[in-house]
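Written below as structure tokens is the structure these notes are about.
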Amino acid sequence: MASLPSIVVGNTIKLDRFKKHTPSSLSLENRNFNTKEFVKALDPFHLDFREALSLIQEGNTKVESSFYIPLLQECIEKNSVSDVQALHALVIKRGSYQDLFLMTFLVNVYAKCGTMESARKVFDNLPKRNVVTWTSLMSGYVHNSQPLLAITVFKEMMEVGGYPTNYTLGIVLNACSSLCDIELGKHIHGYIIKYGIEYDASIGNALCSFYSKCGSLDMALKAFCRTREKNVISWTAVISACGDNGHSAMGLDMFVEMLSEGVEPNEFTLTSVLSLCCIIQALGLGTQVHSLSIKLGYGTQIPVTNSIMYLYLKSGCISEAKKLFDGMNTISLVTWNAMIAGHAQMMDLGQDGLSTHFSGIEALKIFQRMKRSGMKPDLYTFSSVLTVCSNLVALEQGEQVHAQTIKTGFLSDVVVGTALVNMYNKCGSIGRASKAFIEMSTRTLISWTSMITAFAQHGLSQQALQLFEDMRFIGVRPNKITFVGVLSACSQAGMVDEALAYFNLMKNEYKINPVMDHFACLIDMFVRLGQIEQAFDFIKKMEFMPSEFIWSILIAGCRSHGKLELGFYAAEQLLDLKPKDTETYFLLLNMYLSASRWKDVSRVRKMMKDEKIGKLKDWSWISIRNKVFSFKPENRLNQEGEVAKLLEDLQEKARVLGYQLQANLEVVDEEEETTLLPAHHSEKLAVAFGLLNTSNGGQIWA
DNA sequence: CTAGGGTTAG
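Residue 89 in our numbering is what sits at position 107 of the first sequence, and the numbering runs on without skipping anything.
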């Protein structure tokens, strides 16, 4: 402390001494000084926070109010409320509380430390306020997710005759976006026009993101176009607006336009653009943006690297992603989450069941590594991991994660809760799925939809429809996916009238245009009721080309109900859609064979020869105690004899129970001298193998 | 002193 008194001259801490050590631009009288540099300037005097504080506390010296600023700044960085309180007490004791500038900053500091009650108290005790004081309080409420209070403060300010600046209006617009208060937002837009500051960049940017968040891309684009001096932020805002409203490709076009206008992107722009590349799987462009990021010096920015890594994972470039991951200096929570979510996404990307399985296992391994590294999982982690567990049908792991969400308190999150419902449903436990649903404290449309679909999938149509009515009753608006669940519930139960009523409700009351899945439900229903003609009528009524799935439903119906002609037609249609599909060729061939239509048989055979259609590539796999066994029809097995015997036994039992094996399943192709195995035969092998190798009563999930 | 932009989820 020996060196400290030298800067205390008379009764005032002399700040002049600092100036000698600092650049000339750093004038302490200028209140726009860079606080960080100021704090650095304190270094030669070894004045760290504690020393400075005790210096003020010990003496009876009068302290220039600007002396507090860097100290308060440090409190924000350390997020230390108690230090703010100590300084606040000193400010009052030493009489600086009349300094409006300092007190406004104090409002800010309390707000940034998340203590709005204190910020409000400071504000309320002020004898005078200016726009900045009002604005600071409002900004505090917005950043502490109390947008409603921010708006109240704004109204108070307007009542006492305050005059908002562009900063103020920007903050209010922000509050409107998080409340989705379109009315007030438009009202504010009115002020903006009145004040003639519509063309101001800061206002234009705020308007752009306001309209974007309220779902009006048109208005967001207009706000952007009206902005006179567009800066990086304007471009970033409009690019994100495109992405947030489902126009990722347009966003990328805007990015190209931005570059041609000579505006240099920053790390925010780059991350935004990369996330758009991710959505539309534009790996090529993404790679270019990656090199651009490195060129501009943002190559090591964590958010930039995270989004590039996620893009690579989503595109299936595991080694590229891994390289980035291994090269990162700091691995943030988001990095881990992106890594896990990326592998979860790759499960959908997988070409076959096996690679899907491995992506899932890898995701769980990364989750373990993350926990070992000491990183605490959050709601993003848990929902991804639960999704992985559902895709893997890994009930045990799912249960463990469930326990962890309880312990960490993340179970109360809607998304985690919904993921849990899906996990239990996928693992075959509808009871626990509905228990998880009931225990949720809040539910989104997606939660309701998941539960409705789960009931429908388990054939519990009544429960599904009851839940749908409950959902409507409390005022949640269903979307098209909800209706897929509802229609499939009706379809399962063969409730034709209800199905048609809900179909009309969807179109007329909710103005939702039916998509392929809705028709598939209805067609499936008619087919299963044996009303093949009605099913075909519905297909003809659709405004779009029937999907492969729809034709296969119809084919199955035609086969079991002996509608051969329509069946042949449907199969030929399916072949049109999937010209090289082995399974479809065999299906059609089998159908003609069983109808003894030899002309068609040889025609299809010739087509198959021309298309070089070979053997069925159908194979299955099963995971037993974390080991994967794969089965191909032609494979030799260790337990071949046992498996064959078990299958025979099962077939015998099934026959006794009245199940008739479809005669046309096994067909011998004399020409090729290969046995055509029935579809999913390998699946039978896998299940039989599973039965032999799991303890009695163990369950096998398909 | 007050603003406007970003990564991970169902």
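For every residue, glycine included, the Cβ atom is placed at its ideal position computed from N, Cα and C.
C-alpha distance - residue i paired with residue j, whole-angstrom precision
i: Gln474; j: Tyr292; result: 39 Å
i: Glu98; j: Leu442; result: First, the amino acid is wrong: residue 98 is Met here, not Glu. So the alpha carbons of these two residues sit roughly 49 Å apart.
i: Lys296; j: Lys581; result: 48 Å
i: Leu306; j: Thr287; result: 7 Å
i: Pro129; j: Val458; result: 23 Å
i: Ile300; j: Cys260; result: 15 Å
i: Arg425; j: Val396; result: 6 Å
i: Pro528; j: Glu59; result: 60 Å
i: Ser118; j: Thr86; result: 7 Å
i: Asn495; j: Lys560; result: 26 Å
i: Asp308; j: Glu302; result: 10 Å
i: Phe136; j: Val403; result: 42 Å
i: Gly380; j: Ile428; result: 20 Å
i: Gln55; j: Asn61; result: 10 Å
i: Ala691; j: Ala132; result: In the structure displayed, the chain extends from -17 to 684; residue 691 sits before or after that span and is not available.
i: Asp499; j: Leu548; result: 21 Å
i: Pro146; j: His171; result: 13 Å
i: Leu449; j: Asp330; result: 29 Å
i: Asn349; j: Arg414; result: First, the amino acid is wrong: residue 349 is Phe here, not Asn. Answer to the nearest angstrom: the Cα atoms are 24 Å apart.
i: Leu256; j: Ile276; result: 13 Å
i: Leu189; j: Pro285; result: 25 Å
i: Arg454; j: Thr431; result: 11 Å
i: Ala436; j: Ile412; result: 7 Å
i: Phe237; j: Met524; result: 38 Å
i: Lys462; j: Asp452; result: 17 Å
i: Met562; j: Tyr406; result: Before going further, note that residue 562 is Lys rather than Met in the sequence given. Taking the straight line joining both Cα atoms gives about 37 Å.
i: Met310; j: Leu252; result: 18 Å
i: Gln513; j: Thr269; result: 53 Å
i: Ser416; j: Ile434; result: 10 Å
i: Ala483; j: Ser365; result: 35 Å
Closest Cα partner of residue i within the set the options
i: Val124; options: Phe105, Leu108 and Gly96; result: Gly96
i: Leu93; options: Leu82, Cys57 and Val113; result: Position check: residue 93 holds Ala in this sequence, whereas Leu was assumed. Out of Leu82, Cys57 and Val113, Cys57 has the C-alpha closest to the C-alpha of Ala93.
i: Met352; options: Met328, Ile322 and Ile276; result: Ile322
i: Ile74; options: Val104, Ala436 and Glu525; result: Val104
i: Phe485; options: Met498, Met477 and Leu469; result: Leu469
i: Pro359; options: Lys522, Phe465, Asn319 and Leu368; result: Asn319
i: Asn572; options: Lys591, Phe455, Lys560 and Phe550; result: Phe550
i: Thr685; options: Trp116, Lys304 and Glu249; result: Outside the modelled stretch of the chain, which goes from -17 to 684, sits residue 685, for which no answer is possible.
i: Ser273; options: Gln513, Pro247, Gly539 and Gly233; result: Pro247
i: Arg102; options: Phe83, Leu278, Thr564 and Gly122; result: Gly122
i: Thr338; options: Glu239, Met524 and Val375; result: Val375
i: Thr400; options: Ser184, Val271 and Glu421; result: Glu421
i: Leu265; options: Tyr294, Val238, Phe518 and Ser275; result: Tyr294
i: Pro109; options: Phe83, Thr134, Ser127 and Ala202; result: Phe83
i: Met328; options: Tyr362, Gln263, Leu377 and Gly544; result: Gln263
i: Val398; options: Glu378, Ile412, Val370 and Gly410; result: Val370
i: Thr566; options: Ile595, Ser355 and Lys635; result: Ile595
i: Ser100; options: Ala205, Ala71 and Ser78; result: Ala71
i: Thr312; options: Lys304, Thr282, Ala326 and His325; result: Thr282
i: Gly143; options: Lys204, Trp116 and Met120; result: Trp116
i: Lys545; options: Gln516, Gln80, Lys522 and Thr564; result: Gln516
Cβ distance (whole Å) where residue i is taken to contact residue j below 8 Å
i: Ser194; j: Asp226; result: 5 Å
i: Glu593; j: Leu556; result: Contact doesn't hold; Cβ gap of about 14 Å is too wide.
i: Leu511; j: Gly476; result: 6 Å
i: Ser222; j: Gly186; result: That belief does not hold up - the Cβ atoms of Ser222 and Gly186 are roughly 14 Å apart, past 8 Å.
i: Met357; j: Leu393; result: Wrong, their Cβ atoms sit about 19 Å apart, outside the cutoff.
i: Val89; j: Val66; result: Contact flag wrong, Cβ pair sits at about 11 Å.
i: Ile532; j: Leu569; result: Not a contact, Cβ separation roughly 15 Å.
i: Phe520; j: Phe508; result: 7 Å
i: Leu267; j: Ser230; result: Not confirmed; about 11 Å, so no contact.
i: Ala446; j: Ala471; result: 4 Å
i: Gly167; j: Cys196; result: 7 Å
Residue i Cβ short of 7 Å to the ligand FAD heavy atom set
i: Glu630; result: Within the structure as shown, the ligand FAD is missing, as the structure has no ligands at all.
**Prompt:** Within the chosen definition, does the region 159 to 168 reach the region 138 to 150 through at least 3 CB pairs nearer than 8 Å?
**Reply:** The region 159 to 168 makes no contact with the region 138 to 150, as fewer than three CB pairs between them are under 8 Å.
**Prompt:** With a cut-off of 8 Å, do at least 3 Cβ pairs link the region 199 to 211 to the region 238 to 245?
**Reply:** Flag = no, the region 199 to 211 and the region 238 to 245 do not touch.
**Item:** Cβ contact (3+ pairs, closer than 8 Å) linking the region 327 to 347 and the region 387 to 394
**Value:** No, the region 327 to 347 is not in contact with the region 387 to 394.
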